[in-house]
């Protein structure tokens, strides 16, 4: 099934770690140890090129920290793929069981390494407990548990077959993306942990959520064709179409406008966050600056990886080759339907300014 072309702006610089080849060897070894490749499919997993995702999202990280973050990102995708719909058995029970085991592993009550995929989290817990301060670990563990719980919530929603409203979808999408966990790793990659009171501040919540909304909505656009082909309903474009009575093209246009609105919200929230931390002194200001830079690397790195990974470009019946970064062509049509204009070696998509769209947007709406 075809999906409309779309465009958007993401004006952050592309970057990739110089350690990407070392990271590839590390990711291959980790994946082999996971015990999951035969179940997921070795070719499918390799096509994800996850080492490049990590290298793009955390381009400034030293190699030891990059390897540690890579383990966490690989686990996130492994867990998500383990619970992909359409497998044998009850999807809700499967997700609930996995979430329960996740809680026990994080709580330290599982004494021996469990079977895949949980064994990878058991290993990761031991690594991370030794690598950083307790306050960071507690936040990360809470965010991992919320991610696991959210996949059960998504399975329940799918089984009910009741269309979600837009705001409910957005709230669940933030959780199922693992965005909170990825932003925690920004601190690990930078070697700068935020002071304990900063993550509880409204300005931190606002800037992190706005960045996550941009990244998730762009991902929904890029995966739209594949999800249409698979009959999936959990996608911003499809939720907009159902709730607003749009056809797919109209829903894509509104999603584009919402990305522009949330990008504007991010810029405003970024300034408020940096000002708040500057007033708190250097102990907060310096980690905050690194955190904001990390958020922008997450947004841009996720986009660049999505354009070169087979995870979103491979659609049954679609033989188009994925776009690749670099080169001298000024534009290309990506298999997902996005028309990308390049500036130098970077992918850069353009979006004309447009009016805000009331989709639970704005920094105030994002605060909890």
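Numbering (the working numbering), first residue to last: 1360 to 1727.
In this text, a Cβ means the ideal position worked out from N, Cα and C, and glycines have one as well.
All of these numbers come straight from a predicted model, not from anything done at the bench.
C-beta atoms of residue i and residue j nearer than 7 Å
i: residue 1483; j: residue 1430; result: yes
i: residue 1622; j: residue 1573; result: yes
i: residue 1594; j: residue 1525; result: no
i: residue 1518; j: residue 1451; result: yes
i: residue 1663; j: residue 1415; result: yes
i: residue 1553; j: residue 1646; result: yes
i: residue 1582; j: residue 1438; result: no
i: residue 1478; j: residue 1472; result: yes
i: residue 1537; j: residue 1435; result: yes
i: residue 1509; j: residue 1535; result: yes
i: residue 1576; j: residue 1596; result: no
i: residue 1462; j: residue 1497; result: no
i: residue 1458; j: residue 1507; result: yes
i: residue 1654; j: residue 1559; result: no
i: residue 1418; j: residue 1592; result: no
Best match in the options for proximity to residue i [C-alpha to C-alpha]
i: residue 1567; options: 1658, 1523, 1642 and 1527; result: 1658
i: residue 1390; options: 1381, 1405, 1513 and 1380; result: 1405
i: residue 1668; options: 1403, 1456, 1649 and 1605; result: 1403
i: residue 1380; options: 1608, 1365, 1395 and 1413; result: 1413
i: residue 1369; options: 1619, 1666 and 1644; result: 1619
i: residue 1455; options: 1506, 1417 and 1511; result: 1511
i: residue 1550; options: 1648, 1523 and 1588; result: 1648
i: residue 1396; options: 1476, 1533 and 1480; result: 1476
i: residue 1428; options: 1449, 1499 and 1453; result: 1499
i: residue 1556; options: 1444, 1660 and 1643; result: 1643
i: residue 1626; options: 1590, 1598 and 1565; result: 1565
i: residue 1432; options: 1586, 1562, 1590 and 1480; result: 1480
i: residue 1585; options: 1533, 1661 and 1665; result: 1665
i: residue 1453; options: 1400, 1514 and 1464; result: 1514
i: residue 1529; options: 1598, 1401, 1392 and 1561; result: 1598
i: residue 1730; options: 1612, 1562 and 1501; result: The structure shown does not extend to residue 1730, since the chain spans only 1360 to 1727, so no value can be given for it.
i: residue 1392; options: 1474, 1420, 1464 and 1617; result: 1474
i: residue 1624; options: 1607, 1608 and 1563; result: 1563
i: residue 1650; options: 1533, 1460, 1420 and 1608; result: 1420
Cβ-based burial, residue i [other Cβ within 10 Å; buried from 16]
i: residue 1579; result: buried
i: residue 1615; result: buried
i: residue 1447; result: exposed
i: residue 1410; result: buried
i: residue 1600; result: buried
i: residue 1377; result: exposed
i: residue 1604; result: exposed
i: residue 1365; result: buried
i: residue 1689; result: Because residue 1689 carries a pLDDT of 24, less than 50, the predicted location of this residue cannot be relied on, and no value is offered for it.
i: residue 1590; result: exposed
i: residue 1660; result: buried
i: residue 1443; result: exposed
i: residue 1502; result: buried
i: residue 1694; result: Residue placement at residue 1694 is flagged as unreliable, the pLDDT there being 40, under the threshold of 50; a coordinate-derived value is accordingly withheld.
i: residue 1533; result: buried
CB contact below 7 Å: residue i versus chain C
i: residue 1557; result: In the displayed structure, chain C is absent; only one protein chain is listed.
Please determine if the segment 1535-1547 and the segment 1491-1504 are in contact, where contact requires at least 3 C-beta pairs separated by less than 8 Å. yes
Between the segment 1363-1379 and the segment 1635-1642, do three or more beta carbon pairs fall short of 8 Å? no
Give the list of continuous alpha helix (DSSP H) stretches no shorter than 4 residues that lie fully inside the segment 1511-1597. 1525-1535, 1538-1549, 1561-1581 and 1583-1589
Using 8 Å as the threshold, is the segment 1376-1387 in touch with the segment 1626-1633, meaning 3 or more CB pairs across them? no
Three or more C-beta pairs closer than 8 Å, one from the segment 1415-1428 and one from the segment 1458-1477: is that the case here? They do not touch, by the three-pair rule.
Which whole runs of the alpha helix (DSSP H) in the segment 1396-1422 are 4 residues long or more, in chain order? 1396-1399, 1401-1406 and 1409-1416
Going along the chain, which unbroken runs of the alpha helix (DSSP H) with 4 or more residues stay wholly within the segment 1444-1468? 1450-1465
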